[in-house]
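Counting from 41, one number per residue, gives the positions in the sequence shown under my numbering. Here the structure is laid out as structure tokens; the discussion comes afterwards.
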Amino acid sequence: MTRRQADVVIIGGGVIGASIAHFLAADPDWSGSVVVVERDPTFQNGSTARSAASIRQQFSTPENVRISLFGIDFLRNLADHLSVDGEPPPDISLHEGGYLLLAATPEGETVLRDNHAIQQAEGADIALVTPDEMSARFPWMRVDDLRLGALGLSGEGWFDAFSLLQGFRRKAKSNGVEHIHDEVVGLNRQGDRITGVALASGETIACGLVVNAAGPRSHLVTAMAGVDLPVRPRKRHVFVFTCPEIISNSPLVTDPSGLYFRPEGDRFICGISPKEGEPDPDCLDLEEDHSMFEDVHWPILAQRVPAFEAIRFAGAWAGHYSMNTVDANAILGPHPERPNMILVNGFSGHGLQQSPAVGRGIAEWIIHGEYRTLDLSRFAFGRQPVIEKNVI
Ligand SMILES: Cc1cc2nc3c(=O)[nH]c(=O)nc-3n(C[C@H](O)[C@H](O)[C@H](O)COP(=O)(O)OP(=O)(O)OC[C@H]3O[C@@H](n4cnc5c(N)ncnc54)[C@H](O)[C@@H]3O)c2cc1C
């Protein structure tokens, strides 16, 4: 059995692990060694490649707005961060098409107004829009049942998640990060401290600190350390459809039912999360249930956009949210019972857009023992729940 050593081992090379590795290796105050261990170097089954790849500022938690404001700035200026030897990073095709969140009830309207005040205070470019204003901008949409909308005028949209991941990896590699294709199957421990990771290949890597960036499998990693994490894998479908009529200028629309749709090239994608009380079992399979499209998605789509009556199913995929079962928000920082195991988990449906700010923050925490730019301490393990009203 071979044995090697690294200052930091990152378990999981998806967008979160890749971002942390990048920000660590790019920091002039860091001189340690970083190894990223990834069980599936194709990344085809991870959350990153299966995401809807969108970014919004429309959160109800100020910290989440700040995280996404840094996220959009990072994405807009990717070449400043991820160029290698003068070569630009992969094209992420950022399209700032906006989000449009819809409210149909007095309660829904209050939520949009309250959230808007929080978003404005943070500097997000969101406008409240009346049904008449929505009808003028988006004449293809039915608005007669609506009370209010919240529209991102800039700073919201969608992009290519896989290219962002490749950009982080390439840059980190150029700064000395080692990427290993292997699976972490055990964590070695002395008392409460992790001393190394055991790999499926039989190799062991001794380490000073381990980062859990294992996405939907993160609870399996904490179990290897003998502690629990309130994060579980929950299946979410994305359906693809075409529409014979031209629907121009569509933002990512979130219907009051919770269903979202947005354009993707000349097609559309859509999805919906189960409502509270509906079955949402833990699961790691990726089997698709196409009947959901006809039974659940289509009726809502056709009700909101009359032209969607005539849509055609064009494909589907399933992926996993790493669902924080307490408050649907990230869990960031050390586990209180395992001080050198850093948790970067539980992003639920918004981890891709949070990857730049979270990668930077966790790198700061590792290097300096504190967050220096954005204070992410509100997301520590064992906190009071940070209830996010806008979970999509
Ligand atoms: C359908 C869907 C839509 C989404 N839409 C959005 C969106 O629009 N916007 C947004 O911001 N977010 C969205 N998300 C969420 C987002 O995709 C995730 O939060 C984000 O990709 C999480 O990245 P990650 O690196 O933590 O996880 P992953 O990408 O899953 O990476 C974790 C990696 O860890 C590896 N791994 C696990 N265990 C081990 C082990 N023991 N040893 C070695 N490697 C291991 C896995 O192989 C995997 O590659 C969506 C998610 C889904 C499923």
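Beta carbons: idealized from backbone N, C-alpha and C, even for Gly. Quick caveat: nothing in here was measured; it's all calculated off a predicted structure.
The DSSP assignment places 139-143 as complete runs of the beta strand (DSSP E) inside the segment 111-157, in order along the chain (cut-off: 3 residues).
By the C-beta criterion, the segment 235-247 is judged to be in contact with the segment 206-225, since at least 3 inter-stretch pairs fall below 8 Å. Annotation: the continuous beta strand (DSSP E) that includes V280 extends over 271-282.
Cβ neighbours of G422 within its own chain (closer than 7 Å, five residues either side excluded): P376. In this structure, the C-beta of T88 approaches ligand 1 to less than 7 Å from one of its heavy atoms. C-alpha of S94 to C-alpha of R210: approximately 22 Å in a straight line.
Around the Cβ of N289, a 10 Å sphere holds fewer than 16 other Cβ atoms; the residue is exposed.
Exposure of L324 is indicated by the presence of fewer than 16 other C-beta atoms within 10 angstroms of its C-beta. About 5 Å separates the CB atoms of H62 and F208; that is less than 8 Å, so the two are in contact.
At a threshold of 7 Å, H390 counts as near ligand 1, since its beta carbon sits closer than that to one of the ligand's heavy atoms. Your pair T88 and G126 does not check out as a contact, with CB atoms roughly 27 Å apart and the cut at 8 Å. Annotation: E349 to E316 spans about 28 Å, alpha carbon to alpha carbon. Ranked by Cα distance from R412, the first of V426, A397, V267, P425 is A397. Here G391 carries a helix assignment [DSSP, helix/strand/coil].
Positions of the alpha helix (DSSP H) runs, each at least 4 residues long and wholly inside the segment 299-358, are given as 338-344 in order along the chain.
Between V384 and L372, the gap from beta carbon to beta carbon is short of 8 Å.
Distance check between E304 and each of D154, A356, S73 places A356 closest, using alpha-carbon atoms only.
Under the DSSP assignment, P171 falls in the alpha helix (DSSP H) whose first and last residues are 171-177. Shown here for T365: same chain residues with a beta carbon closer than 8 Å to its own, the five before and five after excluded, namely P270, V271, R272 in chain order. In the DSSP assignment, Q230 falls within the beta strand (DSSP E) that extends over 224-230. Secondary structure at N380: strand, using DSSP grouped into helix, strand and coil. P256 has its Cβ nearer than 7 Å to a heavy atom of ligand 1. L140 sits away from H156, with the two beta carbons spaced by 8 Å or more. Between T170 and L188, the CB-CB gap stays under 8 Å. Within the segment 54-97, complete beta strand (DSSP E) segments of at least 3 residues are found at 74-78, given in chain order. Closest in alpha carbon position to L64, among Q424, S297, V251, is V251. Taken from the Cβ of R79, at least one heavy atom of ligand 1 lies inside 7 Å.
Less than 8 Å divides the Cβ of I427 from the Cβ of D367. Ranked by Cα distance from S388, the first of I340, P256, F279 is P256. Per the coordinates, the alpha-carbon of P68 lies some 19 Å from the alpha-carbon of L414. Around E103, the same chain offers L414, D415, L416, R418, F419, V426 as residues with beta carbons nearer than 8 Å, after the five sequence neighbours per side are excluded. In this structure, the beta-carbon distance from L122 to F199 does not fall below 8 Å.
Distances between the C-beta of I340 and the heavy atoms of ligand 1 are all 7 Å or more. In this structure, the C-beta of Q206 stays at least 7 Å away from each heavy atom of ligand 1.
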